[in-house]
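Remarks on the structure that follows.
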């Protein structure tokens, strides 16, 4: 009986190595699945800017469908001059990443608020941030790695109202309940305790007043940008809604 010659060029060698990534049998090669690409800090910042600008657009924000909304964000991200040379992102990737960013930043927002309430006299912003990170880790057992996202969103009123009222993503820290006996007399706070409470309240009010001032300034800048865009158009190209918005903004700016 003739033996097969496995070295013959006319036969297909099926004894391929298991380490091969593709098998070429005259058909097109099957590529190895690409690994998941991490988001960079620069991409996160551009994504946040895209979400804020797209959701703030007064002309289309309430009229755009979810698919259209995220495709607009995809175009914004991929057209950003900050990401020249980067691999384009798909709208589904943007949506998934934003969900992660929004969730984590909302949680850290609660941790930072708790750290502000616990801020002692003499502590600065760095001390508060360290305490906020510690609170976040104690509550969720992971380190907060999106501080750059939190700094982009912390003062934005649009994000705050959307995330904390509509999405309900803000989570309050759980504190152990204190049991107070029914017959126990509650003594009024002493003079020192009252003064300390007043000083703490005054400090927090000053901080919140500063935040409100920053938010008001950003709101004014945003309105001015919208007005500039509308003024750049001719009257013939403006829709009735745009004309109404332009007149409203002009009256507010006067």
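In this note's numbering, the protein residues as written are 3 to 256. Ideal Cβ placement from N, Cα and C applies to all residues, glycine included. Predicted, not measured: the structure shown is a model, and the values here were computed from it.
- Task: Report, in whole angstroms, the separation of the C-beta atoms of residue 217 and residue 251, which I expect to be a contact under 8 Å.
- Result: At roughly 18 Å, the Cβ-Cβ gap does not stay under 8 Å, so residue 217 and residue 251 are not in contact.
- When DSSP labels each residue in this structure, what does residue 92 get in the three-state scheme? coil
- Message: For residue 254 and residue 125, what's the separation of their Cα atoms in angstroms?
- Response: 40 Å
- Item | Start-to-end residues for the alpha helix (DSSP H) that takes in residue 139 | 127-142
- Task: Would you mind working out which of 42, 86, 77 sits nearest residue 52, comparing C-alpha positions?
- Result: 77
- Does the separation of the CB atoms of residue 108 and residue 165 fall below 8 Å? yes
- Query: If you drop the 5 nearest sequence neighbours on each side, which residues of the same chain put their C-beta closer than 8 Å to that of residue 184?
  - Reply: At residue 184, the pLDDT of 42 sits below 50, so the modelled position is not reliable; the number obtained from the coordinates is stated separately. Cβ neighbours of residue 184 beyond the five flanking positions: none.
- Do you know offhand how far residue 46's Cα is from residue 243's? 33 Å
- Item | beta-carbon residue 164 near the ligand NAP non-hydrogen atom, thresh 7 Å | Among the ligands in the structure shown, none appear at all, so the ligand NAP cannot be discussed.
- Message: Can you tell me whether residue 104 is buried or exposed? The criterion is at least 16 other CB atoms within 10 Å of its CB, across all chains shown.
- Response: buried
- Message: Just to confirm the assignment, what range does the alpha helix (DSSP H) spanning residue 39 have?
- Response: Per DSSP, residue 39 belongs to no alpha helix (DSSP H) and is neither H nor E.
- Task: Please say whether residue 132 and residue 54 have beta carbons closer to each other than 8 Å?
- Result: no
- Query: Buried or exposed: residue 106, going by 16 or more other Cβ atoms within 10 Å of its Cβ?
  - Reply: buried
- Is it right to say residue 170 is buried, meaning 16 or more other beta carbons lie within 10 angstroms of its own, or is it exposed? With a pLDDT of only 42 at residue 170, under the threshold of 50, the placement of this residue in the model should not be trusted; the figure read from the coordinates follows. It counts as exposed.
- Compare the C-alpha of residue 50 against each of 213, 212, 241, 157 and name the closest. 157
- Task: May I ask which residues mark the beginning and end of the alpha helix (DSSP H) holding residue 52?
- Result: 43-58
- Taking the C-alpha atoms as reference points, what is the distance between residue 96 and residue 116? 30 Å
- Message: In whole angstroms, give me the CA-to-CA distance for residue 174 and residue 44.
- Response: Residue placement at residue 174 is flagged as unreliable, the pLDDT there being 48, under the threshold of 50; the coordinate-derived value follows with that caveat. Near 30 Å, if we compare the C-alpha coordinates of residue 44 and residue 174.
- Query: With distances taken from CA atoms, which of 236, 129, 102, 119 is nearest residue 41?
  - Reply: 102
- Query: So the alpha helix (DSSP H) residue 163 belongs to, where does it begin and stop?
  - Reply: 159-163
- Residues of its chain near residue 75, where Cβ-Cβ distance is below 7 Å and the 5 sequence neighbours each way are ignored: 52, 53, 56, 93, 96
- Task: Please list, in chain order, all residues of the same chain as residue 100 whose beta carbon is under 7 Å from its beta carbon, the five residues on each side excluded.
- Result: 49, 53
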